[in-house]
Amino acid sequence: EKGTYAHYMLKEIDEQPFVIRNIIQQYQDEQNEIKLSKDIRKAVGNADRIYIIAAGTSYHAGLVGKELLEKVAGIPVEVHIASEFLYNQPLLSEKPLFIFISQSGETADSRGVLVNVKKAGLPSVTITNVPGSTLDREADFALYTYAGPEIAVASTKAYTAQMAVLSILAMDAAIAKGIDTDFDAIHELSIVANAIEVLTDAKDEMEQIARDYLLETRNAFFIGRGFDYHVVQEGALKLKEISYIQAEGFAGGELKHGTIALIEDGTPVIALATQQSVNLNIRGNLQEVVSRGANPCVVSMDGLNRKGDNVVIPKVHDYLTPLASVIPLQLISYYAALHRGCDVDKPRNLAKSVTVE
Ligand code: M6R
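Have a look at this one:
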């Protein structure tokens, strides 16, 4: 039930700190070690390459999952849109492992791929929020996201939960491989949960940004690099599906290869700048759009934007910034849709789970 909330989406955004804390509990044993089935550990350990298959927001979580698995555990990962993989399968490695990410566990495109994977006798893991769903039952192994029912069509808490589980999986794989990593997913996730709490408390600020940047506009751009590039794609999807504003998430460095032609006086550009290693580069990209008239809003950990608004997110581990930086984007989308009079929980033309191809 949505209780005192006007919409499920806002309730689900607010639930994210609890979801992350719940995941920490579910994946930790009494000795504070990661609790994961031996079979999954073995399947990951045996793989020479992981293929992540998903759609929509779950695909965006997969993009972050790839970074985590590669950076923390040194396992090569490819991320594929399920409907593309289904009819245009790339060459596979010798010992592939398939990871299906799906909130509902019912997405037809992903189910289609799993059927083929099983026919080929290849191993599979599903990461889902719905135990007993088709993808859960039919994959060899399953990991749950423990986010509780997600009712709003726009996925929010399922996304952060998927990334949290992927970070734990990555750390577990690193330990299993004897890699010396100083990334302690569990500890870092507890810091993330606190950061999300701070960010969900900043609703008035996000509402004001939505009013200032997105009330009248027909389009909006999101830019980022590295982890931030994955999050801006999710931010753009969120905005377009509930507010019907045409929005795209771009890699900062790609702007000058075409997109910058679209920037006009007043075009809203939301930039994510949480990654120290590319901070100067994204700030350079921001300059480029500002000098063409863009109306910039920057989400960062330092708040150094000189023109336009700053959203400051609390300090979290570089690898887990997506779980924090997506929160302002979710809230800005929510308020943009609300004040444009859209049906927030049930946007036009969309269903919660896409069970037909
Ligand atoms: O249930 P799934 O995670 O497999 O669903 C995948 C997409 O349909 C879903 O994430 C969709 O993109 C959401 N409406 C995004 O908010």
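Whatever position you read off the sequence shown (first residue = 1), add 902 for this note's numbering. Just so you know, even glycine gets a beta-carbon here, dropped at the ideal spot from N, CA and C. Predicted model only: the values in this text are computed from it and were never measured.
Per DSSP, the continuous alpha helix (DSSP H) segment holding Val1192 begins and ends at 1181-1192. Going by beta carbons, Ala975 and Ala1075 fall inside the 7 angstroms limit. At the C-beta level, Glu980 and Tyr953 come within 7 angstroms of one another. Around the Cβ of Ser1235, a 10 Å sphere holds 16 or more other Cβ atoms; the residue is buried. Residue environment for Leu1117: exposed (fewer than 16 other C-beta atoms within 10 angstroms of its C-beta). Between the ligand M6R and Val1055, a heavy atom-to-CB distance of less than 6 angstroms is present. Leu1188 sits close to Pro1198, with the two beta carbons spaced by under 7 angstroms. Relative to the ligand M6R, the nearest heavy atom lies less than 6 angstroms away from the CB of Thr1009. Secondary structure at His1241: helix, using DSSP grouped into helix, strand and coil. Taking a contact to require three or more Cβ pairs closer than 8 angstroms, the stretch 1125-1133 and the stretch 939-950 do not qualify as touching. The three-state secondary structure of Thr1169, taken from DSSP, is coil.
Cβ-Cβ separation between Ala1060 and Glu1052: approximately 5 angstroms, consistent with a contact (criterion under 8 angstroms). Distances between the C-beta of Gly976 and the heavy atoms of the ligand M6R are all 6 angstroms or more. In the structure shown, the three-state DSSP call for Gly1126 is strand.
The alpha carbon of Ile1003 has as its nearest neighbour, out of Arg1250, Ala1066, Ile926, the alpha carbon of Ala1066.
Nearest neighbour of Leu1141 by Cα position, chosen from Phe1152, Asn1121, His1159, turns out to be Asn1121. Contact between Thr1102 and Asp916 holds: their C-beta atoms lie close to 5 angstroms from each other, under 8 angstroms. Looking from the CA of Glu1166, the closest CA among Phe1152, Val1191, Ser1145 belongs to Val1191.
Checking the 6 angstroms criterion, the Cβ of Gly958 is within range of a heavy atom belonging to the ligand M6R. Cβ contact annotation for Lys904 (same chain, cutoff 8 angstroms, sequence separation greater than five): Tyr910, Lys913, Ile1053, in chain order. Sequence-distant partners of Asp1038 (beyond 5 residues in either direction) whose C-beta falls short of 6 angstroms from its own C-beta, in its chain, are Gly1007, Thr1028, Thr1030, Ala1044. Using a 10 angstroms sphere on the CB of Ala1196, the tally of other CB atoms reaches 16 or more, which defines it as buried. Per DSSP, Glu1118 lies in no alpha helix (DSSP H) segment and is marked neither H nor E.
His1089 is classed as exposed because its beta carbon has fewer than 16 other beta carbons within 10 Å across all chains shown. The beta carbon of Leu1240 lies closer than 7 angstroms to those of Val1246 in the same chain, with the five residues before and after it left out. Cβ-Cβ distances below 7 angstroms link Glu1109 to Tyr1237 in the same chain, with the five nearest sequence neighbours on each side left out; the list follows chain order.
Between the C-alpha atoms of Phe987 and Tyr961 there is a straight-line separation of about 12 angstroms.
Bounds of the beta strand (DSSP E) holding Arg951 are 951-956. For the pair Tyr1048 and Arg1113, the Cα-to-Cα distance works out to about 33 angstroms. Inter-residue distance for Val1213 and Ala1173 is about 10 angstroms (C-alpha atoms, whole angstroms).
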